[in-house]
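Trainee:
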Amino acid sequence: MEKRWTIIQDDKTRTAELQASLKIHPALCKILSQRGLDTFEKAKEFFRPELDRLHEPWLMKDMDLAVERILSAIDNEERIMVFGDYDVDGTTSVALMYSFLKKIHPLVDFYIPHRYREGYGVSKAGIDQAKSTGTTLIIALDCGIKSVELITYAKEIGIDFVVCDHHLPDAELPPAVAILNAKQADCGYPYKELCGCGVGFKLITAMAEVLGLPFDDVYEYVDLVATAIAADIVPLTGENRILAFYGLKKVNENPNNGIKALWELAGLKKELKIENLVFMIAPRVNAAGRMDDARKAVQLFVAESVEEAKEYATMLHDDNSDRREADASITEEALKLIADNPAWISNKSTVLYQSHWHKGVVGIVASRVIETYFRPTIILTQSGEYAAGSARSVPGFNLYEAVHACREHLIGYGGHFAAAGMTLHADNVDAFRTKFEEIVQSTILPHQLVPELVIDAEINFSDIRDPFYKIICQMEPFGPENLKPLFISRRVMDTGHSTLVKEQHLRVSLMQNGITMYGIGFNMKEKMKVVEQGLPMDVVYRIDENEYNGVKSLQLKVVDVRVSV
Ligand SMILES: [Mn+2]
0 MEKRWTIIQD DKTRTAELQA SLKIHPALCK ILSQRGLDTF EKAKEFFRPE
50 LDRLHEPWLM KDMDLAVERI LSAIDNEERI MVFGDYDVDG TTSVALMYSF
100 LKKIHPLVDF YIPHRYREGY GVSKAGIDQA KSTGTTLIIA LDCGIKSVEL
150 ITYAKEIGID FVVCDHHLPD AELPPAVAIL NAKQADCGYP YKELCGCGVG
200 FKLITAMAEV LGLPFDDVYE YVDLVATAIA ADIVPLTGEN RILAFYGLKK
250 VNENPNNGIK ALWELAGLKK ELKIENLVFM IAPRVNAAGR MDDARKAVQL
300 FVAESVEEAK EYATMLHDDN SDRREADASI TEEALKLIAD NPAWISNKST
350 VLYQSHWHKG VVGIVASRVI ETYFRPTIIL TQSGEYAAGS ARSVPGFNLY
400 EAVHACREHL IGYGGHFAAA GMTLHADNVD AFRTKFEEIV QSTILPHQLV
450 PELVIDAEIN FSDIRDPFYK IICQMEPFGP ENLKPLFISR RVMDTGHSTL
500 VKEQHLRVSL MQNGITMYGI GFNMKEKMKV VEQGLPMDVV YRIDENEYNG
550 VKSLQLKVVD VRVSV
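See the structure below:
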């Protein structure tokens with residue numbers, strides 16, 4: 000697939016000013032200033048994350064009310080339920096809150112709703128179970144802000160709610176005792192991008208302060224917070240950067256038993272970086288929710304020994320293997336359906352339906368199909384008596400609006416800019432496909448159908464030497480709003496030693512001004528045609544450290560290559 004290259008432009012004056020004080024490579028100064036780190040002070044803070052710089056939890060609206068209600072529940076020996084969503088953020092935040100409370104209060108349970116039986120967020124089944132066990136306080140994490148009716152219902156039957164959430168509040172708020180959510184317009188908390196587990200961390204920080212517990216009793220869970228930050232795709236800026244930085248440090252020094260068990264099972268040895276953590280944990284926890292029940296993800300994270308954790312880790316691992324098989328075979332079937340329908344190949348959208356596809360993976364399959372056909376995509380399967388499915392967009396295209404425009408063919412739908420879900424009669428799939436294609440065709444902009452590579456800076460091969468790469472490493476952890484830098488080098492030549500590896504990966508040997516760099520381009524075999532021409536090329540890449548036979552060297556992780564113009 001051809002990509003558009005966009006090179007980010009910086010404010011030259013600011014970059015020059017930053018470079019005068021920071022005295023590191025101009026390309027790195029350009030990247031920092033593009034990311035808003037345009038003064039010596041901001042850069043220093045960025046490179047040296049300090050726990051001291053975490054904000055006071057009391058700055059969050061309702062924090063005092065939340066702490067007061069929970070502590071009175073403890074004093075009065077009330078039963079407390081910790082309730083959370085079935086994804087990584089939900090299960091880690093439940094594990095954090097449950098483990099913290101369990102040490103000071105024996106009367107605590109946790110509850111994770113079933114993805115298909117109950118769906119996302121606070122559930123009636125959960126509230127009813129709380130009622131049946133005599134629970135009078137529910138702490139909801141990573142959900143609750145939109146559950147006005149259910150929290151009203153709970154209140155009517157004598158159950159209070161404390162809500163810890165980070166989703167955007169609607170105009171009407173639930174009648175909870177306290178709502179911790181920095182995205183509320185009248186919440187003065189300085190950082191708005193915490194994930195659900197981050198909000199939970201703030202709450203236990205405040206509780207520990209009142210109870211006179213050492214910060215270590217809170218810090219114990221910082222690796223769970225880092226896991227949630229990484230998996231929930233929140234910006235890796237400000238407080239999230241500090242928490243992720245120290246959480247990763249803890250993962251590598253003294254991990255949570257569940258993380259350790261998954262790590263051993265995954266067979267990874269080296270130091271874990273944030274992308275390893277996501278890759279190892281997120282698919283396995285999500286697979287539990289998709290294929291079975293995410294309760295065991297919490298059991299994994301709260302296990303008191305690595306042995307106990309291993310039992311749950313094995314179950315998650317098996318769910319993930321099932322998930323992977325389903326996802327690979329359904330993706331293959333989906334791509335074949337398109338290839339077999341010439342009329343569909345040139346469409347500007349994809350809508351596919353097969354009644355036997357596993358509903359746990361339709362969203363993942365939609366994302367996979369987009370890797371081949373870059374356009375808004377909907378994958379449907381049978382769910383009960385209807386067809387139901389997931390839609391994924393391409394950057395810049397408002398998917399929700401497009402689905403909404405097809406509502407005449409739908410029974411129900413919901414979602415946002417980038418992703419949506421819907422239910423319809425299976426008989427209406429064809430009509431829905433036609434209408435959706437019509438809407439996409441008439442509203443999508445041509446450039447939105449071409450994937451974009453956003454390049455941070457142009458450098459020469461001669462720049463890639465110490466301390467250039469060491470400084471890039473100090474920019475970790477990487478994630479949204481702090482991505483691993485993507486570089487471009489122009490007019491490089493093949494040394495004649497570039498080859499294909501395993502028939503699908505491109506192994507390049509490139510030279511620029513007498514300096515040779517090696518690199519690998521995964522699944523880029525079709526670019527061999529470009530390299531073979533022997534013409535000057537522009538190459539887009541990230542810099543990576545490669546270890547071979549104990550020898551470390553820097554290599555290019557090639558993302559794209561073109562003949563220079
Ligand atoms: Mn979340």
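Numbered by numbering that gives the first Met the number 0, the letters in the sequence shown go through residues 0 to 564 in order. C-beta atoms are modelled at their ideal positions from N, C-alpha and C, and glycine is treated no differently.
In three-state terms, what does DSSP make of A181?
Mentor: If DSSP states are grouped into helix, strand and coil, A181 belongs with coil.
Trainee: Throw me the rounded Cβ distance for the A386 and A425 pair, which I believe falls under 8 Å.
Mentor: With a Cβ gap of about 4 Å, A386 and A425 count as contacting.
Trainee: Please state the DSSP three-state secondary structure of F109.
Mentor: DSSP places F109 in strand when its eight states are reduced to three.
Trainee: At a cut-off of 7 Å, would you count H165 as near ligand 3, judging by its Cβ distance to the nearest heavy atom?
Mentor: Within the structure as shown, ligand 3 is missing, the only ligands being ligand 1.
Trainee: If you reduce the DSSP assignment to three classes, tell me which class C163 lands in.
Mentor: Strand at C163.
Trainee: Got a sec, what are the start and stop residues for the alpha helix (DSSP H) V209 sits in?
Mentor: Counting along the chain, the alpha helix (DSSP H) containing V209 begins and ends at G195 to L210.
Trainee: Is any non-hydrogen atom of ligand 1 found closer than 7 Å to the C-beta of G120, if you look at the structure I gave you?
Mentor: For ligand 1, not one heavy atom lies less than 7 Å from the Cβ of G120.
Trainee: What is the C-beta distance between L242 and V224, in whole angstroms, given that I count them as a contact (C-beta under 8 Å)?
Mentor: The Cβ separation is near 5 Å, so the contact holds.
Trainee: Counting beta carbon pairs with one atom in the region 417-431 and one in the region 325-341, are three or more of them shorter than 8 Å?
Mentor: Counting Cβ pairs under 8 Å, fewer than three are found: no touch.
Trainee: Should G195 be counted as a contact of ligand 1 given a C-beta to heavy atom distance under 7 Å?
Mentor: Checking the Cβ of G195 against ligand 1 gives yes.
Trainee: Among V560, F109, G395 and P56, which has the Cα closest to the Cα of L444?
Mentor: When only C-alpha atoms are compared, the closest one is G395.
Trainee: Let's test the definition: count the other Cβ atoms within 10 Å of the Cβ of L149 and tell me whether it reaches 16, buried, or not, exposed.
Mentor: Under this definition L149 is a buried residue.
Trainee: Under three-state DSSP, which class holds W356?
Mentor: If DSSP states are grouped into helix, strand and coil, W356 belongs with coil.
Trainee: Please list the segments of the alpha helix (DSSP H) lying wholly inside the region 336-381, counting only runs of 4 or more residues, in order along the chain.
Mentor: Fully enclosed alpha helix (DSSP H) runs of 4 or longer: 341-344 and 361-371.
Trainee: Unbroken beta strand (DSSP E) runs of length 3 or more, entirely within the region 55-120: which are they?
Mentor: Segments of the beta strand (DSSP E) lying fully in the region 55-120: 78-83 and 107-110.
Trainee: If you draw a straight line from the alpha carbon of S304 to that of E263, how long is it in whole angstroms?
Mentor: Whole-angstrom Cα-Cα distance: 14 Å.
Trainee: What first and last residue would you give for the beta strand (DSSP E) that runs through L509?
Mentor: Note, L509: beta strand (DSSP E), H504 to Q511.
Trainee: Please classify M0 as buried or exposed, where buried requires at least 16 neighbouring CB atoms within 10 angstroms.
Mentor: By the 10 Å Cβ count, M0 comes out exposed.
Trainee: Report the three-state DSSP secondary structure of R240 (helix, strand or coil).
Mentor: R240: helix per DSSP, three-state reduction.
Trainee: Near P56, which residues of its chain fall below 8 Å by C-beta distance, leaving aside the five closest residues on each side in sequence?
Mentor: Contacts found: M62, K201, L202, T204, A205 and E208.
Trainee: Along the beta strand (DSSP E) that carries T498, what are the first and last residues, could you check?
Mentor: Counting along the chain, the beta strand (DSSP E) containing T498 begins and ends at T498 to V500.
Trainee: Tell me whether I137 sits in a helix, a strand or coil according to DSSP, three-state version.
Mentor: Here I137 sits in strand by DSSP.
Trainee: Helix, strand or coil for S32, going by three-state DSSP, please let me know.
Mentor: The answer is helix: DSSP assigns S32 an H, G or I state.
Trainee: Comparing alpha-carbon positions, which option in S122, A302, R490 and L409 lies nearest N512?
Mentor: The candidate whose alpha carbon is nearest that of N512 is R490.
Trainee: Counting only the same chain and skipping the five closest in sequence on each side, list residues whose C-beta sits under 7 Å from that of S366.
Mentor: For S366, where only same-chain residues beyond five positions count, the Cβ hits under 7 Å are R391.
Trainee: Could you give the first and the last residue of the continuous alpha helix (DSSP H) run that contains G257?
Mentor: Where G257 is concerned, the enclosing alpha helix (DSSP H) stretches over N256 to A265.
Trainee: Kindly indicate the opening and closing residues of the beta strand (DSSP E) around R489.
Mentor: Taken as a continuous stretch (DSSP letters only), the beta strand (DSSP E) holding R489 covers F486 to D493.
Trainee: Would you kindly check if the distance between the Cβ of V439 and the Cβ of S348 is under 8 Å?
Mentor: A contact, by the Cβ cut-off of 8 Å.
Trainee: Can you check which of these residues, L247, S122, I69 and E67, is closest to F82 by C-alpha distance?
Mentor: For F82, the nearest C-alpha among the options comes from S122.
Trainee: Would the beta-carbon of D159 be found less than 7 Å away from any heavy atom of ligand 1?
Mentor: False, no ligand heavy atom lies under 7 Å from that Cβ.
Trainee: Any idea what DSSP makes of D543, helix, strand or coil?
Mentor: Looking at D543 - three-state DSSP - the assignment turns out to be strand.
Trainee: Is D88 near ligand 1, judged by its Cβ being under 7 Å from some heavy atom?
Mentor: Yes, the Cβ of D88 comes within 7 Å of a heavy atom of ligand 1.
Trainee: With three or more C-beta pairs closer than 8 Å as the rule, is the region 521-536 touching the region 491-508?
Mentor: With the cut-off at 8 Å, the region 491-508 and the region 521-536 touch.
Trainee: Pull up the DSSP beta-bridge partners for G388, would you.
Mentor: Answer is L379 and M421.
Trainee: Could you round the C-beta distance between Y85 and A293 to whole angstroms and report it? I think they count as a contact, below 8 Å.
Mentor: Confirmed, about 4 Å.
Trainee: Where H357 and V198 are concerned, what is the direct C-alpha to C-alpha distance, given to the nearest angstrom?
Mentor: Approximately 33 Å, taken between the alpha carbons.
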